[in-house]
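>
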Amino acid sequence: MLDGRGAVWWPERSTLIVADLHLAKAEAFAAQGRFLPPYDSRATLARLVELINAHRPDHVVSLGDGFHRRDGYDRLDAADRQQLDALGLVTRWTWLSGNHDPDAPNGHGASAPELQLGRLHLRHLPTPHPGQAEIAGHLHPKAALRVRGRRLARPCFVTDGQRLLLPALGTFTGGLDVWAPAIAGLFAGPFDVLLCGRDGRLRQLPGSRLEGARRVKVRQGGT
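When the letters of the sequence shown are read in order and numbered with the numbering used here, they come out as residues 31 to 253.
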């Protein structure tokens, strides 16, 4: 079951799946002399708390890039570390390896490169040709469309029934249009997007109806 706040809830396994938290990203930028308001981690943790309180999972799976850097846990503000510690006490965590954070923070659950749950394969990086149903993160998908003459862009899920890409749950993560080659190129045929509304509701649309699809047609010489 897709949660419009940007997560997957699997009630039969009491498992909550999230992607790309990028905790301590502002702190990592500050270490490089690029100063940003250090509130992104707190906002991301608040989203996690809301999801965990709503679903009461026995297991939380982070699909990689839970932290923006390997030392991200140590860079968190003390209050944010305390909040994450508290979440680790109420449910079991599995942190999949991402390109930013190959290991789980010490004492905060298990770490694994990938995870098999039933018929589903969970991983950070989507594979070009998955041999089985796949749930992946990494790409931070977003979709844009015109609504009453105004452009609306929102984080979204992307799926063709075989593969599901999750939006980034992190507050300070940006996004990649679903018609960018890195995303659209993963799907040999049509795909759907489910936009995450500000009210937590999902709006499902075929990818062909999105603004990016028209740009692709123009580049390819379509009408």
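All residues carry an ideal CB built from backbone N, CA and C; glycine is no exception.
Computed from a prediction, not measured in an experiment: that's the story for all the values here.
Considering only DSSP beta bridges, list what Phe-97 is partnered with.
As a working note, residue 97 is residue 67 in the sequence shown. Answer by DSSP bridge pairing, in chain order: Leu-53.
> For Pro-41, collect the residues of the same chain with a Cβ closer than 7 Å to its Cβ; drop the 5 residues on either side in sequence, then sort them by chain order.
Position 11 of the sequence shown, counted from the first residue, corresponds to residue 41. Contacts found: Met-31.
> What span of residues does the alpha helix (DSSP H) with Val-208 cover, start to end?
In the sequence shown, the residue the question calls residue 208 occupies position 178. It is not in any alpha helix (DSSP H) - Val-208 carries neither H nor E in the DSSP assignment.
> Under DSSP, the alpha helix (DSSP H) around Asp-229 begins and ends at which residues?
Here residue 229 refers to the residue found at position 199 when the sequence shown is read from its first residue. Asp-229 -> no alpha helix (DSSP H), and no H or E assigned at all.
> Can you name, in chain order, every residue of its own chain whose Cβ lies under 7 Å from the Cβ of Leu-75, other than the five neighbours on each side?
Numbered from its first residue, the sequence shown carries residue 75 at position 45. Asp-110, Gln-113, Leu-114, listed in sequence order.
> Which parts of the segment 140-192 are runs of the beta strand (DSSP E), unbroken and 3 residues or longer, counting only runs that do not cross its ends?
You should have 140-142, 144-147, 150-153, 164-166, 171-177, 180-189.
> Checking 7 Å against the spacing of the C-beta atoms, do Leu-169 and Leu-195 come in under that value?
Position 139 of the sequence shown holds residue 169. Position 165 of the sequence shown holds residue 195. Contact flag set, yes.
> Suppose contacts are defined by Cβ-Cβ distances below 7 Å. Is Gly-205 in contact with Lys-172 by that definition?
Position 175 of the sequence shown, counted from the start, is the residue given in the question as residue 205. Position 142 of the sequence shown, counted from the start, is the residue given in the question as residue 172. For Gly-205 and Lys-172, yes; Cβs fall inside 7 Å.
> Can you name the residues that DSSP bridges to Thr-45?
In the sequence shown, the residue the question calls residue 45 occupies position 15. Answer by DSSP bridge pairing, in chain order: Trp-40, His-89.
> Could you check where the beta strand (DSSP E) with Leu-106 kicks off and where it finishes?
Against the sequence shown, residue 106 aligns to sequence position 76. Here Leu-106 belongs to no beta strand (DSSP E), and DSSP marks it neither H nor E.
> Using three-state DSSP, classify Arg-239 as helix, strand or coil.
For this step, residue 239 is matched to residue 209 along the sequence shown. Three-state result, Arg-239: helix.
> Taking the Cβ atom as the reference point for each residue, do Leu-126 and His-154 lie within a distance shorter than 7 Å?
For the purposes of this step, residue 126 is taken as the residue at position 96 of the sequence shown. For the purposes of this step, residue 154 is taken as the residue at position 124 of the sequence shown. Result yes, Cβ atoms of Leu-126 and His-154 sit closer than 7 Å.
> Pull up the CB-CB distance for Asp-207 and Gly-242, whole angstroms please, since I reckon it's below 8 Å.
Working through the sequence shown from its first residue, we reach residue 207 at position 177. Working through the sequence shown from its first residue, we reach residue 242 at position 212. About 5 Å; that satisfies the 8 Å criterion.
> With respect to 6 Å, is the separation between the Cβ of Thr-189 and the closest non-hydrogen atom of the ligand FAD below this value?
The ligand FAD is not among the ligands present in this structure, which contains no ligands whatsoever.
> So the beta strand (DSSP E) Leu-199 belongs to, where does it begin and stop?
Here residue 199 is taken as the residue at index 169 of the sequence shown, counted from 1. Taken as a continuous stretch (DSSP letters only), Leu-199 belongs to no beta strand (DSSP E), as it is neither H nor E.
> Assuming Gly-230 contacts Gly-34 (C-beta within less than 8 Å), just tell me the rounded distance between them.
Taking the first residue of the sequence shown as position 1, residue 230 is located at position 200. Taking the first residue of the sequence shown as position 1, residue 34 is located at position 4. Between Gly-34 and Gly-230 the Cβ distance is about 4 Å, and since that is below 8 Å, they are a contact.
> With a 10 Å radius around its C-beta and 16 neighbouring C-beta atoms as the bar for buried, classify Ala-120 as buried or exposed.
Locating residue 120 in the sequence shown gives position 90, where the first residue counts as 1. Position check: residue 120 holds Val in this sequence, whereas Ala was assumed. Answer is exposed; the Cβ neighbour count stays below 16.
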